[in-house]
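S.K.: Before I ask anything, here is the structure I am working with.
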Amino acid sequence: MESAEYISLSSDDDPLAAFIHRRVTAAQVQHAMDGINNPFFNRKLSQQYKKILLARRQLPVYAQMHEFYELFKRNQIIVMVGETGSGKTTQIPQFVCFADLPHKKGKMVACTQPRRVATMSVARRVADEMDVSLGKQVGYSIRFEDMTQPGTTFLKYMTDGMLLREAMTDPELSRYSTIILDEVHERTLATDILMGLLKNLSRRRRDLKIIIMSATLDALKFQKYFSTGEGAQGSLAPLLKVPGRTHPVEVFYTKEAELDYVEAGLRAVLMIHRAEPPGDILLFLTGEEEIEGACKKLKEEVDFLLNADPRSIGPLACIPLYSTLSPPQQQKIFDPPPPPSRGGPPGRKVIVSTNVAETSLTIDGIVYVIDPGYSKQKVYNPRIRVESLLVSPISKASAQQRAGRAGRTRPGKCFRLYTEDVFMNDLEEQTHPEVLRSNLANTVLELAKLGVRDLVRFDYVDAPAPETIMRALELLHYLGALDNQSNLTPLGKKMSQFPLDPQMAKTLIVSAEFKCSEEILTIVSMLSVPPVWVRPVTARGPADAAKARLDIPDGDHLSLLNVYDRFLEHIEEKTWAWTNFVSARSLYQARNVRTQLKAIMDRLKIPLVSTSSEHDRNDNIRKALISGYFMQVAHRDKGGGYLTMKDNQLVALHPSCGLDGTPDWVIFNEFVLTTQPYIRTVSAIEPEWLFKHAPSYFDLSTFPNGATKNALEIVEEQFKIKEEAEPKEQKKKRNRKKPQKKAAGDPQKVETQD
DNA sequence: GCGGATATC
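All letters in the first sequence, in the order written, are residues 1 to 754 by the UniProt record's numbering.
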């Protein structure tokens, strides 16, 4: 690239001079690609470009360039299906650039991806293919990293969440001439919401073209969703279908159902290792603990067999893979398989992985896939307002995706540990979209900011349960983000600026009034990153001891603040995080988030304040938390457990909780349902604070009768007496000083059915 | 006794 010489082009030399906006032909484009000069950039094309172009020509999507341009010319919205290896993600956006000529029109072409890593790597690849440097004509935009140059970048890869955020400031998405949504079959929350917005926007912006790209064959659903006219057959959005290019994978089923899928998976690994030709194995399990346990068992089994007879079996490297592993640990999946023991059978590598290996990470060299048919999936129960992770059967689409992992480099085999009958008749076609499995409080706030008036009747691809939306609206009303007409309040507008859950956003916004915005900013940042506490299977004792040293007795929120501050104190010491069993990666990430949130606070003129007394500080923090998390309070039950407010659900403190003893009243960040109902990240509170800082929620006439209500009634009585005793003058003064405080802490009520 | 995966101005 360095040796490429600059040339001066007169308009006659512009390879795209004869191109008519959105009227180009495949022949014209082919010709421009084959030229001497870069069609988009005043420079000669490099040798590397030509070499890559030869490879690009082999991609299945290339053979359909003509068909693509015909469809693109005639339609505003196109649905495209292309399996792995079709080249759609890298080629289609380039095709669009030749038609849209965004560099001449002052527009951009956007292509969204569900994941950051994929966004970066595909942008890099396409920059190479177009013979430009990344971040110039071709760039990407992900959180914390904007690799674009305004005025120069005309092809932008971005995460779906990023485009959704952009839509909040520019609902017309006016910078874009074409928007391509990729990997739509994954049905992430952001993709689903974007589909709704774009469908709507397509009616207002007739010049905006939209391409929906999906890997699986559920295209008809999207064709129907984006159909023009009123549901007549002829009005379906047109479909472009591109074949994939992978190697064949032979699929095997069990004859009978397996009782223990972990055990069956391990047997399958050993069976392959003994009987099948060389090639790596990928075994899908559901979680960290299961995976570590399986790896341990597998090693023991192989060691046992090798001890008995070293010639009976080759060495087997067992590598665990899940997202919370550090990058160097994840790198191990790319190590070569172990060499054969002296004169014995060849060695083999087996990767035991969660779903990361199904979508996010591709591992070359896998020849055998073992699919027990399960994964952990998020489930939301709006009735009890709990998101939980449940081991559930995967969908057919998922099973096919898993099988495909065996055929990336050569023909492979997939062993499904369930019967063909189960596959055909029991498995769902597609995994349920995230929008049906999530708490939508955040999404509803975003939609309100986007100007969607009727959230229940929003045109979802799949509409969530009305109760889920009601729960979200209820929370937002209580928080004061929405008024009685479900309009965004000024507070709600501020909240929507933060990339945070509504409770957290509210806490952060009001924290300045509690003189602890410095601290809440840190706590909120820590709650926005993966867990900081590291607890390796081999060092649980030392890890727990280290955590105990960092814990603050009053609550886990304060402990998070403490860890962050101690980390910054020792940031020069490279081993501090390691010796204290905390994740440096999470802490750096928290620092990043903190910087970003601080910038938003500055913009909203929310001051960063603190107080010098540690006692006051710890109280202030927990009072501020109540103004956001008043619905997440629990009271200690006679049996030793806790009962949640209003719902009266029996929960236990999560084992990771660092509270000193079992305080009567606690506030918690999350309710999780794993082996039993737990509350996690818990702090002790004084019950009078509830009446003081969330008075409208703690209107006891709305509480169901029971032990919790009785306990609250006693507290309320004492609170009233105390309030009465406070001199009237002083009270007035306080109210006058902070008039906004009441508005923030005393939200609107909403009609709900409990 | 203890976390699937992903994302965010």
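For glycine and all other residues, C-beta sits at the position ideal for the given N, C-alpha and C. All values reported here derive from a predicted model rather than from experimental measurement.
1) By the three-class DSSP mapping on this structure, what secondary structure does Met120 have?
2) Could you tell me the alpha carbon to alpha carbon distance between Asp544 and Asp616, rounded to whole angstroms?
3) For Pro315, which residues from the same chain have a beta carbon less than 6 Å from its beta carbon, with the 5 sequence-adjacent residues on both sides left out?
4) Quick one: Cα of Ala711 to Cα of Arg636, how far?
5) Just the Cα atoms here: how many angstroms apart are Tyr49 and Arg56?
6) Residues in its own chain within less than 7 Å of Asn618 by CB, not counting five upstream and five downstream?
7) Please classify Ile36: is it buried, with 16 or more other beta-carbons within 10 angstroms of its beta-carbon, or exposed?
8) Would you kindly report the start and end of the unbroken alpha helix (DSSP H) that includes Phe226?
9) Do the stretch 147 to 154 and the stretch 93 to 111 make contact, defined as three or more Cβ pairs closer than 8 Å?
10) How is the beta strand (DSSP E) around Leu283 delimited, first residue to last?
11) When the distance is taken between beta carbons, is Met213 closer than 7 Å to Lys88?
12) Helix, strand or coil for Ser627, going by three-state DSSP, please let me know.
13) Terminal residues of the continuous beta strand (DSSP E) containing residue 755?
14) Please check the pair Ile211 and Ile92, which I expect to be a contact at CB under 8 Å, by giving their CB distance rounded to whole angstroms.
15) With the cut-off set at 7 Å, would you say Val369 and Arg311 are in Cβ contact?
16) Decide yes or no for the touch test of the stretch 688 to 697 against the stretch 620 to 635: beta carbon pairs closer than 8 Å, at least 3 of them.
17) Below 7 Å between beta carbons: does that hold for Gly407 and Val249?
18) When you compare only the Cα positions, how much space is there between Asp128 and Leu134?
19) Taking all protein chains shown into account, decide if Ser612 is buried (16 or more other Cβ within 10 angstroms of its Cβ) or exposed.
20) Residues in the same chain with beta-carbon distance under 8 Å from residue 813, minus the five sequence neighbours each way, listed in chain order, please.
21) What residue from Glu288, Leu659, Ala268 has the CA that sits closest to residue 755's CA?
22) Just the Cα atoms here: how many angstroms apart are Gln137 and Leu198?
23) Apply the 10 Å Cβ neighbour rule to Ala32 and answer buried if 16 or more other Cβ atoms are within range, or exposed otherwise.
24) For Ile281 and Leu270, what's the separation of their Cα atoms in angstroms?
25) List in chain order: all unbroken beta strand (DSSP E) runs of 3+ residues lying wholly within the stretch 364 to 405.
26) Alpha carbon to alpha carbon, how far is Glu263 from Ala577? Give it in angstroms, no decimals.
27) Would you list the one or two residues that DSSP bridges to Asp501?
28) Within the same chain, show all residues whose beta-carbon is closer than 8 Å to that of Ala652, passing over the 5 residues directly before and after it, in chain order.
29) Taking the alpha-carbon positions, what's the Arg204 to Thr90 distance?
30) Considering only residues of the stretch 668 to 700, which uninterrupted alpha helix (DSSP H) runs meet the minimum length of 4 residues and lie entirely inside it, listed in chain order?
31) Can you check whether the CB of Val593 is closer than 7 Å to the CB of Ser528?
32) Name the two residues that bound the continuous alpha helix (DSSP H) containing Phe98.
33) Would DSSP call Thr159 helix, strand or coil?
34) One question on the structure: do Ile523 and Ser511 come within less than 7 Å of each other, judged by their Cβ atoms?
35) Per the DSSP calculation, Gly555 is bridged to which residue(s)?
36) Please classify Ala744 as buried or exposed, where buried requires at least 16 other C-beta atoms within 10 Å of its C-beta.
M.R.: So, from the data block:
1) helix
2) 28 Å
3) Pro338, Ser341, Gly347
4) 10 Å
5) 10 Å
6) Asp554, Leu558
7) exposed
8) Premise fails: Phe226 is in no alpha helix (DSSP H) and is neither H nor E.
9) yes
10) 280 to 284
11) yes
12) helix
13) Residue numbering for the chain in the displayed model covers 1 to 754; residue 755 lies beyond these limits and cannot be assessed.
14) 7 Å
15) no
16) yes
17) yes
18) 8 Å
19) exposed
20) For residue 813 there is no data in the structure shown, the boundaries of the chain being 1 and 754.
21) In the structure displayed, the chain extends from 1 to 754; residue 755 sits before or after that span and is not available.
22) 25 Å
23) buried
24) 10 Å
25) 366 to 371, 374 to 381, 386 to 393
26) 36 Å
27) None; Asp501 has no bridge partner.
28) Gly641, Tyr642, Gln676, Pro677, Tyr678, Ile679
29) 29 Å
30) 687 to 693
31) yes
32) 88 to 100
33) strand
34) no
35) Ser683
36) Because Ala744 carries a pLDDT of 38, less than 50, the predicted location of this residue cannot be relied on, and no value is offered for it.
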